[in-house]
Structure formats: C-alpha cells, structure tokens
Amino acid sequence: MVIMVTQYGWWQVQREDVGWEVALPDSYVDAASAPWAGELLALGQQLARYRGTDGQQTIVAVTLPARDYGALFVACGWLLSREIPASPGWMDRLAELTRGVPVRMAMQDCVVVDRFYGCRSSSDGMRVHVGSSQWALGRVVSLEVDEDAGKYGFGRKEIPRPGGLVSAYVDTASWRRVFCTARASVAIIGVKSRLHGELELRAARRRSGRGLDRLGDIVRPRQRESISWGSVIIPGGREDLAELPGEVALAIMDGASAIRWLPEIRTPVVLAIIDRSSADESAVATVLQLRSTGVPVSVERLGWSPQAGVEGSTFEVPL
Amino acid sequence: MIDLGNLNALYTAAASVARNGVVELVSIDDPDGARFNACLQRLSIVVREGDPEHWNDLLMIARQLRWRRVTEPYPAQYNQGREQLVTELTTLAERRKFLAAEETRRILDELSDAAAVTGRTDGHPMGQLLLQSIEEVGCLECAAILVSARAAEGARYWFHELGVNVAIADRHGLEGLTVRDQAYFIGTPRLFGCSALTAPRAYSLTYIFPSWVWDQDLPQSEFSQVASGGIRPRAKRYHVGARAPALRRCNPPEDQLVPGPLWARPSNACGSAGDDEVIARRVLLAGGRAMWLDQDGGWIRTLDPLQPVGERVHMHDEQAISPGMFLVLREGETESDVLYTRALDLLGSATDTVATSQGEWKDALRSRLRALGRRPVIQQLSKSGVHAARRAPFWTARTVVRPQSDADFVLLLEWLGLPPRSYVEHANRLRKARSQAAADVREALEAALDRAELGRLQREGHIRLQLTLDGFAAIIAARVLAVSPFEELVPRHTVRIPVQDRSARWLE
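Order-wise, the sequence lines are chains A and B.
For the first sequence, the working numbering begins at 684 and goes up steadily by one.
For the second sequence, the working numbering begins at 8 and goes up steadily by one.
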C-alpha cells in the first residue's frame, strides 16, 4: 500500500510494490508475477474516487506497451472501489411486499433473482418463498424489490469465494454486495472476443494466502440471461456504436477501433487505452484533437501517476 | 492471446527505454549507395522544372532501388526483383537521353552505372555489420527487424543459407516477436515509427543505416510530448567507417526516402463542394488499383488479419487511413450503397415512409448548408449543443442513417425546425435494418476470410474474396500503398470505387 499526498489531497493506492500475480485458466504452472497489474488496478481505483468539475467530462488517456488485460484490470479496480451501500431494514419491509413482485435476494453464498411469494414459519424457523424454493430467512443477507429483475431472466448464481484480488479491496460483505448488483457502472468498448477471452485470467495479490480471482467474476459483463452484472462490453469496430446504458459512469475505450468513438461518448469519465504496439496512430490523433478543444488537468489530480513505461494525460471537455 | 511472460517483458522493456532513454543509431559508410543517391538527387533537381510526367517512371524506379539499398542489406540473389529494376532503369534512362540536355545525359549515364554497381555489390556494408553484431550478441539474444515483409523474407533466406538462426520480423509483424535483449533495425528510426521505440521488443535498440541518408532523427510521439511519464528516448550516435560525414539536416522536400508516387497538385483544389461533389484524396492500392477516398468524417471497412477470427473486419475513420492498412472494397458500386439498398429491402412495407422521412430532414440540412455555408452551420449546431456538429455535412449523405447520438439527432431536428419524434423513429428503424444488413455482410466476409489465403494477402498485398451474399460478389481486400497529401473535389459517385491504375506499380 502506498500513500500518495498531493496538493489535491491524499490517497491510499494499491501499487506494484504490493506485487500481483496472474495465471491463465489452463495454466499448470505457478502464477506469474505481473507488476503492471497493480498500476492498472490503482488507476481504476482512483477513477472511482475521482470527482471532476461539474458539467465537464474527464478524459484520461493512457498508453500501454500492449493493450492486453489493461481495460479489465482498470475495470476491476473501479468496480471494487465503488461504494455500494448496504440496505438496512430490508427485513422490516418484507411484510409490505406484494406477492409476485420481482426481487433480488442476496444469500451468504449466492444471489437469487425471482418472484417473491411471501414468508411462512416452519419447524426450523422462518422461510421466505422466492421462485420455486423456500429459503431459510436466517441465511438471507438482503432482499430488495427490483422491478427490472428478470429482464434478462430469473435464476440463481453462486458468489465466488473472494480471492487475493478481491480481498485486497473489499471485505466479504462488501464483495457480496458488489457481486449481487445488476448495474453496469462501466462500459468497455473494444474487440469483444478478445475481451471475453481475457475475462478468464485469474489474479491475486502476492502472498495473500488466498486463491486467484477470475477477472470475469469481478467485471461481470452483462450477457444474455445474466442475473447480476457490473459492466457491459460493447464492440467498437462496427458501423454504429450501441447506446451505453444510462447508469454507466466510466467508459473504457480499448484500442484504436474504440477510440474513434471518443467524441461521441457522454459518460462523466472516459478512459482511452492506447496500444503502443499498434502501428495505427489514429487513436493518438483522435485523443489529441479532442484534447485541443479541452482544458488539460494534471494526472496527479487523479491521485495516480504513471510508472515507467506507461504514459498518461488527462483533460476536461464540456459534457 | 499474448503470452503472460512476454507481456511482463514488454512492460519491462518499455520501462527500460523510458528510464534509460538511450537508443543507438549506427551510421555506416556506403560509398556505392551514396553515389547512387547523389545521382538521383541531381536528376530530381534537373528535371524539376521540366515535364514531371515525362520523368515519373524513371524517378520512381530509381527511388525504389535506393529504398532497397537502405532496407535490404543482403546480396543480390536474395533481393527479389532488384536485377529487373536495374534493367528497367537502364533501359528507361537510355530512352530519356534522346531529348535530354547535355548535363542531364551525363547524370543519366552516371545513374545507370551507379545502379548497376549497387545491383552487383555482394558485400553490403550494413549486412556485414549486422552479421558481425549478431555474432557478438548471440543469435538467441537478438532479433533483426526489417521494414517490409519482402525485406524480411529476403533476410530469412540469407540467414538460412548462412546457418544463422536469428529471429526476423518486419515492421508490421512485431506482435509475434518475443522480447529479446537486443533488436537491430535495418533502416532509419522514422521508417519504423514511434511504436518500435515506445513498445520495444527488446531491452536495447540499435538502428543501422547508411551514412548518406539525410533523415537520421528519432521520431517523436505527439502524445509522449504532452503526457505525464512521456517516453522520450535520446539518441546515441556511432559511425562505422573511414570518417563521420557531416549530417545534411535539410530534407530535400521533393525527395522522400520512402518511395512514393509523385502527386500532381490538383487543379481544382477544394472550393465549396456542390451537392454531388465531395472532398476526397487519391489512394493507391496494391494490385494496380486506385480510388478516391472521401474525407467527410465517415467510416470505411478495413481488414486486420492479426485480429481474432470474427473480429478481423473493422470500420475505420476514413481520414486516418494510411499506407500499410488493408481496405475491403466492393468493385463497381460502393458498399454503403449496397448496404443502404439491402437495409431498405429489409424494411418491407415501411420502405417508402422511411425513405421519405430520411429525405426530408436531409434536404432541410442540405438547404441550410447551401444557404449558410459549412462553417456557420457547424458553429450554430455546436452552439445549440450538438456534440458532433463537425460531422453535419456528412449527415446529408443518403447512406448515412443519422447522427450517432440520440441527443445530437434531436437537437439537429429541432434546429432544422422539424418535429423530432417521427424522424427519430423512422431513422431508428432504418438503423436497425442497416445493422442487420451490416451484420450479414460482416459474417459473410469473415466466412470468406476463413476460406481465403491470408498469407497471400500479406505477401502480395491483395486478394479477391468470394462472398455468397447477394450484391457482394465482387469484393477485394487490398493494401494501401499511398495516400495523396492533396484534397480534391470529385463527383460523389466516383468515391470508394477501385479502378485500374498503374501508377503504383513501382511501389509494390
């Protein structure tokens, strides 16, 4: 952990001195050290904390020696650093719920999205009837009405045990809340099949004594029949760009084919990841063209400064 | 997917160049190449005032030969087509002598002689130095990087014959190269672009080039200049040979090292475009083709063979098209036209209503553009809050469905005095149909790419793709060889249609 003190305030930032390790799903060897991962996680973390100027869009452009995994690690840092408040008093509101209303229910080890049919007492205590099952109320962590629940299908999903990446940022209760949400606060625009392939990477803080977390379990892109998600992955190389969900607060533009859409994006914060190994210089041209219409902001103001081999520039343009 | 060990090494190598910031530039005496270059430069100056068309072919062949001298540092037998170039040059120089002045005739004789000498030389000084350096560092620790795929292929044969087992790549094939201790680039730094310096494939970088080359500076990434942590390596210069030559700092404006066509300055340099005119640049393509590429902010389909299956075909900003990229083009009619027609067909009974609705708002915008002019329209729209106002002239094109953003479209319609609701609804229906049509094309293209010889595309620069989709039978993929620096007004119906054009034959 590094404490950064700047004229804009101080932050605790996860840095590469902590040390990170990564492994591919089919890897039979030990996890490999990945010092660069800490840099990108820290950037995501600081973007989640950053409060820009009202009415202005903050654009952060970074260049990496290769784009691989960059967008996903930033998204992980972002998603694990966003405050997701607990919902106290949910049990008191149970009695007022209408029968058949769609609910999102967090258990100790899984999330259930289905219709609510009421509560009843049984020999082993109170049970809540959601979907086709009766759940022991004592095991329920939270239960909230979610009118949009079921939009992509009802179902149940296991909450993965937090490994050495998740636990570096949040405790088990917060992780459960992160995992159970169905709000895409980040949109990743890029080559979809590459990004989906990269979701399988596993990572952890070194010597954390815990297992590796699959990036896909943290980023959780919305897919058909998803019941919980934290992001959307949108193809950037097509003729049109799909509209971003209204709740997206960070758009990550991964590579030149995505960055061409930069002037069209309206999210409060945008991160453009420029792949320096690509000979295509159009991404730099697009970023600098937009930068010339905005006001440069010190990267330090983010509470993040690029380490050797990574370049960063920040500016604001009117929203 | 990238190997994790190599990804770590890429970050370490980039940090090493960023932190230590020293790149070695080694210039070497090359008397034969210097003599040929001097003749070529004298000829360029002498013919500058005459009829450029008359000298075009000869100058282009000579520049191609000079290019090969710098980028292909091995004996003639590995240098495919060099002998033919020398023969062509000698024949053409002989022919041009008939109507030339005395001084020009002398230069032509000397040029032919110098060309023959460079063609015959077996001991290329750069090649000798490269071999010696590889021997010192050790084959496994280093890589030789050449500018073009052809140059790399020649080097592979050469090293194979010599029994030197060293990694070889060309500028566009660096992705597959694992990070080494040392990389030797054959040619000047600018030929390899900023990427070679800022995403290095080795911990130490050395460029080897002949001392007569005038542009020996490191390229600078514009982003690095403004970025925090900007990578700005310094050059450490060495000279191998009898004496270090005085560097010629001025770059002869009409004489570029990279062989390019001699673009004639257009007679109709952009005034205001009429309804059926569009601003475009001439683009030369591999396979003896050329086309006009419109410059009004739209997209064009490109092909990146290195992307994963299903994602090889992309849309790219037409203003950012540069040499080396592959374009996917339809012969005879533009792809946008066919897509538009296909999308309308998909709408069934709603076709006429949608087409009329689209025509109405586009006509209104066109009238405003005509009455007020492009710049005032862009300014007014920008003031009204239209984010992508600069693209307004592009929205009038029949094949452009609507502005990308909902908010921009509504503001535009309000500014035009039109009730947004029905126009947005109709445009959205068309956009949906167009997306479906585009997805069909993308799928068919990907399927055709599976059957195509992508290796041949890389080698020869162009292939024909066989699609089983109505209206898409005649599709080609071709490498961009050159893009004109001049913008011209051309009839809209001529853009994006590849036609036969032999002016690129000495570039390939």
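Here a beta-carbon is modelled for each residue, glycine too, at the ideal position from N, C-alpha and C.
Which two residues bound the contiguous alpha helix (DSSP H) that contains residue i?
{"i": "A/V970", "result": "S965 to R974"}
{"i": "B/H469", "result": "Per DSSP, B/H469 belongs to no alpha helix (DSSP H); it is in the beta strand (DSSP E), H469 to L472."}
{"i": "B/T185", "result": "That residue, B/T185, is in no alpha helix (DSSP H); it is neither H nor E in DSSP."}
{"i": "A/A758", "result": "G753 to L762"}
{"i": "A/L677", "result": "Since the first residue of chain A shown is 684 and the last is 1002, residue 677 of chain A is not available in this structure."}
{"i": "A/S868", "result": "From DSSP, A/S868 is part of no alpha helix (DSSP H) but of the beta strand (DSSP E) over A865 to G873."}
{"i": "B/Q91", "result": "R89 to R103"}
{"i": "B/P38", "result": "P38 to V54"}
{"i": "B/W306", "result": "Counting along the chain, B/W306 falls outside any alpha helix (DSSP H), though it belongs to the beta strand (DSSP E) covering W306 to L310."}
{"i": "B/H321", "result": "Looking at the DSSP string, B/H321 is not in any alpha helix (DSSP H); the run it does join, the beta strand (DSSP E), is V320 to D324."}
To which residues of the same chain is residue i closer than 7 Å at the C-beta, ignoring the five residues directly before and after it?
{"i": "B/N258", "result": "Residue confidence is low: B/N258 scores 49 on pLDDT, short of 50, so the model does not pin down where it sits. Its coordinate-derived value is still stated next. Closer than 7 Å at Cβ, skipping near neighbours: W221 and D222."}
{"i": "B/P498", "result": "D283 and E284"}
{"i": "B/V417", "result": "P427 and V431"}
{"i": "A/T689", "result": "With a pLDDT of 46 at A/T689, under the threshold of 50, the modelled position of this residue cannot be trusted; read the value that follows with caution. Counting only Cβ-Cβ distances below 7 Å, and skipping sequence neighbours, we find E983 and G986."}
{"i": "B/A90", "result": "First, the amino acid is wrong: residue 90 of chain B is Glu here, not Ala. Around B/E90: A83 and G126."}
Between residue i and residue j, how many whole angstroms is the CB-CB distance? I'm expecting something under 8 Å.
{"i": "A/A962", "j": "B/G331", "result": "7 Å"}
{"i": "A/G995", "j": "A/V982", "result": "5 Å"}
{"i": "B/L96", "j": "B/L65", "result": "7 Å"}
{"i": "A/A725", "j": "A/G760", "result": "6 Å"}
{"i": "A/G838", "j": "A/E908", "result": "7 Å"}
Just the Cα atoms here: how many angstroms apart are residue i and residue j?
{"i": "B/D370", "j": "A/I742", "result": "36 Å"}
{"i": "A/G986", "j": "A/E999", "result": "16 Å"}
{"i": "A/E841", "j": "A/S960", "result": "38 Å"}
{"i": "A/T864", "j": "A/I871", "result": "18 Å"}
{"i": "B/R319", "j": "B/D311", "result": "5 Å"}
{"i": "B/I482", "j": "B/A434", "result": "28 Å"}
{"i": "A/A851", "j": "B/R458", "result": "48 Å"}
{"i": "B/Q71", "j": "B/P266", "result": "6 Å"}
{"i": "A/L945", "j": "B/A327", "result": "15 Å"}
{"i": "A/G721", "j": "A/G894", "result": "17 Å"}
{"i": "A/D923", "j": "B/E342", "result": "15 Å"}
{"i": "B/A396", "j": "B/L420", "result": "13 Å"}
{"i": "B/H167", "j": "B/V186", "result": "21 Å"}
{"i": "A/S816", "j": "A/C793", "result": "14 Å"}
{"i": "B/A194", "j": "B/A121", "result": "Note that residue 194 of chain B is Gly in the sequence shown, not Ala. Each residue's Cα considered, the two are about 21 Å apart."}
{"i": "A/R734", "j": "A/A744", "result": "17 Å"}
Leaving aside the five residues before and after residue i along the sequence, list all residues of the same chain whose C-beta is less than 8 Å from its C-beta, in chain order.
{"i": "B/A21", "result": "T205, A206, P207 and I238"}
{"i": "A/L755", "result": "I871, L878, E881, L882, L884, L898 and V902"}
{"i": "A/A1003", "result": "Any property of residue 1003 of chain A remains undetermined from this structure, which presents chain A solely from 684 to 1002."}
{"i": "A/E699", "result": "Legend: pLDDT at A/E699 = 45, less than 50; position of this residue unreliable, no value from coordinates given."}
{"i": "B/E148", "result": "R187, D188 and Q189"}
{"i": "B/T19", "result": "V186 and Y210"}
{"i": "B/L118", "result": "F43, C46, L47, L50, A69, L96 and A100"}
Given a cut-off of 9 Å on the beta-carbon distance, is the pair residue i and residue j in contact?
{"i": "B/L212", "j": "B/A190", "result": "yes"}
{"i": "B/F192", "j": "B/I215", "result": "yes"}
{"i": "A/I948", "j": "A/A925", "result": "no"}
{"i": "B/A484", "j": "B/I504", "result": "no"}
{"i": "B/S228", "j": "A/V967", "result": "yes"}
{"i": "B/T406", "j": "B/L488", "result": "no"}
{"i": "B/P410", "j": "B/R398", "result": "yes"}
{"i": "B/I286", "j": "B/M133", "result": "no"}
{"i": "A/A932", "j": "A/S876", "result": "no"}
{"i": "B/L472", "j": "B/V448", "result": "no"}
{"i": "B/P268", "j": "B/F493", "result": "no"}
{"i": "B/V316", "j": "A/G992", "result": "no"}
{"i": "B/V408", "j": "B/R244", "result": "no"}
{"i": "A/A758", "j": "A/G783", "result": "no"}
{"i": "A/D829", "j": "A/V861", "result": "no"}
{"i": "B/V502", "j": "B/D301", "result": "yes"}
Hey, quick one: how far does the beta strand (DSSP E) through residue i stretch, first residue to last?
{"i": "A/P918", "result": "W912 to P918"}
{"i": "B/Y210", "result": "A209 to P217"}
{"i": "B/D301", "result": "R296 to D301"}
{"i": "A/G838", "result": "G838 to E841"}
{"i": "B/G194", "result": "Run containing B/G194: none; DSSP gives neither H nor E here."}
Got a sec? Which residues, its chain only, sit under 6 Å from residue i by beta carbon, not counting five neighbours each side?
{"i": "A/D958", "result": "R750 and G938"}
{"i": "A/G847", "result": "A887, R888, S891 and R893"}
{"i": "B/E79", "result": "N86, A158 and G161"}
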